[in-house]
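If you're matching positions, the sequence shown starts at 6 in my numbering and goes up one per residue.
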Amino acid sequence: MRPDNDLRTIDGDVYVSPRYLAGTTGIGDPALAPLLDLGWELEHDDLDNCYVTAPDHRVRLGYLPEGEDDGLWRINAYEDPFGPPTWGVCFNDSCPTEFVRAFTTELAKAYEKGFAYLAAPDTRDSDHDPYLVVTPLIDRGWEFHKPEPGVFAIRPADRLASLEFTAGPLDPEGELTSRTARWHLWAGSSIDRPAWYATASTNTPVALLTAVTRCVSDPAPLPRWRVNTFSYSKRAQLIPILPPRPAVPTPLDVQRTAASRRPAALPTVSVPRWSTTSRPALPGPRR
Numbered sequence: 006m007r008p009d010n011d012l013r014t015i016d017g018d019v020y021v022s023p024r025y026l027a028g029t030t031g032i033g034d035p036a037l038a039p040l041l042d043l044g045w046e047l048e049h050d051d052l053d054n055c056y057v058t059a060p061d062h063r064v065r066l067g068y069l070p071e072g073e074d075d076g077l078w079r080i081n082a083y084e085d086p087f088g089p090p091t092w093g094v095c096f097n098d099s100c101p102t103e104f105v106r107a108f109t110t111e112l113a114k115a116y117e118k119g120f121a122y123l124a125a126p127d128t129r130d131s132d133h134d135p136y137l138v139v140t141p142l143i144d145r146g147w148e149f150h151k152p153e154p155g156v157f158a159i160r161p162a163d164r165l166a167s168l169e170f171t172a173g174p175l176d177p178e179g180e181l182t183s184r185t186a187r188w189h190l191w192a193g194s195s196i197d198r199p200a201w202y203a204t205a206s207t208n209t210p211v212a213l214l215t216a217v218t219r220c221v222s223d224p225a226p227l228p229r230w231r232v233n234t235f236s237y238s239k240r241a242q243l244i245p246i247l248p249p250r251p252a253v254p255t256p257l258d259v260q261r262t263a264a265s266r267r268p269a270a271l272p273t274v275s276v277p278r279w280s281t282t283s284r285p286a287l288p289g290p291r292r
C-alpha cells in the first residue's frame with residue numbers, strides 16, 4: 006500500500022515496507038517543527054547540537070548529532086524546572102524520523118492543554134492506562150511474548166521489531182541514561198544490536214507513547230533513498246517510487262493540439278482567364 010502523497014514532493018526513490026525497517030531520514034527538521042511552531046526557544050552549541058526549550062522551561066529537547074553516545078533525540082519533562090526529570094524519552098540516531106515527529110506532535114498538543122504532559126500513568130484512569138500504548142499494535146496483528154521474567158514484549162509476525170515493558174522497580178537515573186527503561190522499542194533481528202531503538206522512562210504520558218506505536222505500526226510504507234536503507238533489511242519490501250504521471254489532457258488541450266497539427270491552407274493564386282478583350286494571337290509564318 007502506498008501513501009497518497011504527491012510523488013513530486015517525495016524525498017526518496019523507494020518505499021520501504023514494513024516502515025519500522027526504513028531507518029532514519031537523517032534530517033531533524035520535521036520532528037523539531039511541531040515544537041518550534043509553538044514558539045519554543047531554539048539554541049545551538051559549538052558542535053552543532055541544538056536544544057529546544059518550552060517557554061515555561063518544563064520540557065527540553067536535545068537533538069545531539071555530536072552527543073556522547075548514539076542517543077540522537079533526548080526529550081525530558083520537569084515538574085520543577087530545576088529538579089530531576091519527571092520522565093525522559095530517547096530515540097537513537099537510526100530511528101525513523103517519522104516516529105520522533107509522531108512523539109513531538111503529540112507532545113505539542115499535550116503542552117497546549119497545560120500540565121497534561123507531566124501526568125504520570127495511572128491505571129485507575131482510563132486515559133492513562135498503559136494498555137493503550139499497545140492497543141494500536143494489537144489491532145495490527147502484533148502478538149505478545151515473554152522473553153524473560155518481568156519483561157513483556159509484543160512483536161509483529163516477522164519478529165523484526167519489538168516493544169518491551171519491564172515490570173517492577175527501576176533505577177530512575179538508569180532509565181534516563183541507558184536502555185534499561187520502562188518502555189523499550191526496537192527493530193532488527195537482535196536486541197543486542199538493534200537497527201534502531203527508543204526508550205521511555207516510568208511516568209512518560211501514555212498519549213505520547215501511543216502516538217509512537219500508532220505510527221510504528223501504520224501499514225503505509227515510508228519513502229527512502231535505496232542507498233540509505235539498512236543493509237540487513239533484505240526482508241523489507243522495497244517498492245520503486247515511479248516518476249509522476251503526465252497530467253490527463255482536458256478537452257481544450259485536445260482541441261488545441263489538433264489545431265496545431267492541422268495543415269495550413271494553401272495561399273490563393275490568381276490565374277488569368279481568356280476573354281474577348283485579350284490580345285489576338287500573332288499570325289504564323291508563311292509556308
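Every residue, glycine too, gets a C-beta built ideally from N, C-alpha and C.
Being a predicted model, the structure only gives us computed values, none of them experimental.
7 Å CB neighbourhood of residue i in its chain, flanking five on each side removed
| i | result |
| --- | --- |
| residue 21 | 27, 226, 227, 229, 234, 241, 243 |
| residue 220 | 103, 104, 107 |
| residue 185 | 175, 179 |
| residue 49 | 55 |
| residue 138 | 211, 214, 215, 218 |
| residue 35 | 102, 106 |
| residue 122 | 64, 82, 112, 115, 116, 210 |
According to DSSP, residues forming a beta bridge with residue i
| i | result |
| --- | --- |
| residue 122 | According to DSSP, which records beta bridges pairwise, residue 122 is partnered with nothing at all. |
| residue 242 | 22 |
| residue 156 | 153, 171 |
| residue 317 | Here the chain comprises residues numbered 6 to 292, so residue 317 is not present and cannot be evaluated. |
| residue 148 | 160 |
Of the listed residues the options, nearest to residue i (C-alpha basis)
| i | options | result |
| --- | --- | --- |
| residue 211 | 93, 55, 167 | 93 |
| residue 62 | 76, 77, 214, 83 | 83 |
| residue 51 | 71, 34, 178 | 71 |
| residue 206 | 75, 19, 95 | 95 |
| residue 165 | 266, 199, 141 | 199 |
| residue 156 | 194, 173, 87 | 173 |
| residue 97 | 151, 142, 38, 33 | 33 |
| residue 74 | 202, 167, 195 | 202 |
| residue 120 | 68, 154, 209 | 209 |
| residue 88 | 167, 64, 100, 196 | 64 |
| residue 161 | 232, 153, 192 | 192 |
| residue 68 | 60, 100, 142, 23 | 100 |
| residue 45 | 60, 132, 53 | 60 |
| residue 53 | 36, 142, 77, 41 | 77 |
| residue 195 | 18, 171, 152 | 152 |
| residue 197 | 224, 187, 167 | 167 |
| residue 18 | 47, 41, 232, 154 | 232 |
| residue 147 | 255, 224, 254 | 224 |
| residue 154 | 163, 132, 171 | 171 |
| residue 239 | 130, 163, 140, 37 | 163 |
First and last residue of the uninterrupted alpha helix (DSSP H) at residue i
| i | result |
| --- | --- |
| residue 108 | 102-117 |
| residue 179 | 177-182 |
| residue 140 | 136-144 |
| residue 212 | 211-221 |
N- and C-terminal bounds of the beta strand (DSSP E) containing residue i
| i | result |
| --- | --- |
| residue 94 | 92-96 |
| residue 227 | 227-229 |
| residue 232 | Taken as a continuous stretch (DSSP letters only), residue 232 belongs to no beta strand (DSSP E), as it is neither H nor E. |
| residue 80 | 78-82 |
Cβ-based neighbour list, residue i, same chain, cut-off 6 Å, excluding 5 preceding and 5 following
| i | result |
| --- | --- |
| residue 16 | none |
| residue 189 | 169, 204 |
| residue 145 | 222 |
| residue 149 | 159 |
| residue 66 | 57, 80 |
| residue 30 | 102 |
| residue 142 | 159, 218, 222 |
| residue 124 | 210 |
| residue 25 | 166, 192, 221 |
Own chain residues within Cβ distance below 8 Å of residue i, not counting five before or after
| i | result |
| --- | --- |
| residue 90 | 81, 82, 83, 181, 206 |
| residue 278 | Only weak support is given to the placement of residue 278: the predicted model assigns it a pLDDT of 49, under 50, and the question is left unresolved by the model. |
| residue 39 | 106, 109, 110, 112, 113 |
| residue 292 | At residue 292, the pLDDT of 40 sits below 50, so the modelled position is not reliable; the number obtained from the coordinates is stated separately. The answer is none, since no qualifying residue turns up. |
| residue 117 | 43 |
| residue 280 | Here the model assigns residue 280 a pLDDT of 48, short of 50, so the residue's position is not dependable, and the following value carries that caveat. Closer than 8 Å at Cβ, skipping near neighbours: no residue. |
| residue 246 | 12, 15, 17, 18, 19, 20, 228 |
| residue 132 | 211, 212 |
Run through the stretch 28-66 for me and flag every whole alpha helix (DSSP H) of 4 or more residues, listed as ranges in chain order. Segments of the alpha helix (DSSP H) lying fully in the stretch 28-66: 34-41.
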